[in-house]
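Numbering (the numbering used here), first residue to last: 411 to 584. Using N, Cα and C, we set each Cβ at its ideal position, and we do this for glycine too. Just so we're clear, the structure is a prediction, and the values are computed from it rather than from any experiment. Single-structure report; data block below.
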C-alpha cells in the first residue's frame, strides 16, 4: 500500500478473490484435500483469515502515507524503509492488535467446527469439539456431555470478544 504499483494491485486482486469465497467452505475443502490433522487445519485457517489483516494494514498505510509527518520525514531525507519500519509500523500496532484479538474468537469457532466434522484435531488430542462429537451418541441419556464443552467454547469466545472490545476502547480505534 505504501509503494502502490503492480505489487499493490496484485495483492489487492488476490485478496478480493479470497474475500469473495466463503471462508468455512474453503476451510473444509482445504482440510478435506489435505486430510485431517493439525497442519491442514492451521493451513486452512491461515489461508482464509489473512485477507482481513491485509486490507486493514493496506488501508491504514494508505491513510498514514498522506499524513503531514510523513511528508516532513521525506523532506528531512528519511528513506522509505526507515519511514515504513520506524514510523508507519508502530502506528499500525494498535489496529493490528485489535483485529487480531477480534479474529481469535472466530478462529476458535472455526477450529471447533473443523474438529467436530473430523477434519481438525483427532481423538487422542483433547479438544472440546471432539468431546461434543464423541458425546453425540449419549445426548439423550446424558446431555451434559455435549453441553458442557459447548458452553466452554462459547464462554472462551465471548471472553476473548470482551477483551477485544476493551482493547478497542482502550486504543480508541473506530
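Which of helix, strand or coil DSSP assigns to residue 479:
Counting from one through the chain shown, the residue named residue 479 turns up at place 69. Note: residue 479 maps to helix in three-state DSSP.
Count the other CB atoms within 10 Å of the CB of residue 530; is the residue buried (16 or more) or exposed (fewer)?
By 1-based counting over the chain shown, the position of residue 530 is 120. Buried.
Looking only at its own chain, which residues have a Cβ that is under 8 angstroms from the Cβ of residue 462, when we skip the five neighbours before and after it?
Here residue 462 corresponds to residue number 52 of the chain shown, with the count starting at 1. Excluding its 5 nearest sequence neighbours in each direction, residue 462 has C-beta neighbours in its own chain below 8 angstroms: 509, 513, listed in chain order.
Could you give the C-beta distance for residue 528 and residue 454, rounded to a whole number, given that I count them as a contact under 8 angstroms?
Within the chain shown, the letter at position 118 stands for residue 528. Within the chain shown, the letter at position 44 stands for residue 454. Not a contact, Cβ separation roughly 14 angstroms.
Count Cβ pairs between the region 565-572 and the region 496-509 that sit closer than 8 angstroms; are there 3 or more?
no
Counted within 10 angstroms of its Cβ, other Cβ atoms place residue 534 as buried (16 or more) or exposed:
Taking the chain shown and counting its residues from 1, one reaches residue 534 at position 124. So residue 534 ends up on the exposed side.
From the DSSP output, in three-state form, read off residue 500 for me.
The residue labelled residue 500 in the question sits at position 90 within the chain shown. DSSP places residue 500 in helix when its eight states are reduced to three.
Minimum C-alpha distance to residue 575 - residue among 478, 557, 511, 422:
By 1-based counting over the chain shown, the position of residue 575 is 165. Cα-wise, what sits closest to residue 575 is 511.
Verify whether the separation of the beta carbon atoms of residue 505 and residue 470 is less than 8 angstroms.
Position 95 of the chain shown, counting from 1, holds the residue named residue 505. Position 60 of the chain shown, counting from 1, holds the residue named residue 470. In contact: residue 505 and residue 470 (Cβ atoms closer than 8 angstroms).
When you compare the region 518-526 with the region 536-555, are there three or more beta-carbon pairs, one atom per stretch, that lie closer than 8 angstroms?
yes
Determine the closest residue to residue 468 out of 550, 520, 417, 579, with distance taken between C-alpha atoms.
To locate residue 468, count along the chain shown from 1; it is residue 58. The shortest CA-to-CA distance from residue 468 to any of 550, 520, 417, 579 is the one to 417.
Would you mind reading off the limits of the alpha helix (DSSP H) that contains residue 415?
As a working mapping, residue 415 is identified with position 5 in the chain shown. 415-430 is the extent of the alpha helix (DSSP H) around residue 415.
Tell me, to the nearest whole angstrom, how far the beta carbon of residue 549 is from that of residue 556; I am working on the premise that it is less than 8 angstroms.
Taking the first residue of the chain shown as 1, we reach residue 549 at position 139. Taking the first residue of the chain shown as 1, we reach residue 556 at position 146. At roughly 5 angstroms, the Cβ-Cβ gap stays under 8 angstroms, so residue 549 and residue 556 are in contact.
Apply the 10 Å Cβ neighbour rule to residue 434 and answer buried if 16 or more other Cβ atoms are within range, or exposed otherwise.
One-based indexing of the chain shown puts residue 434 at position 24. Exposed is the call here.
Using 10 angstroms around the beta-carbon of residue 414, count the other beta-carbons present and answer buried if the total reaches 16, otherwise exposed.
On the chain shown, position 4 is the one that residue 414 refers to. By the 10 Å Cβ count, residue 414 comes out exposed.
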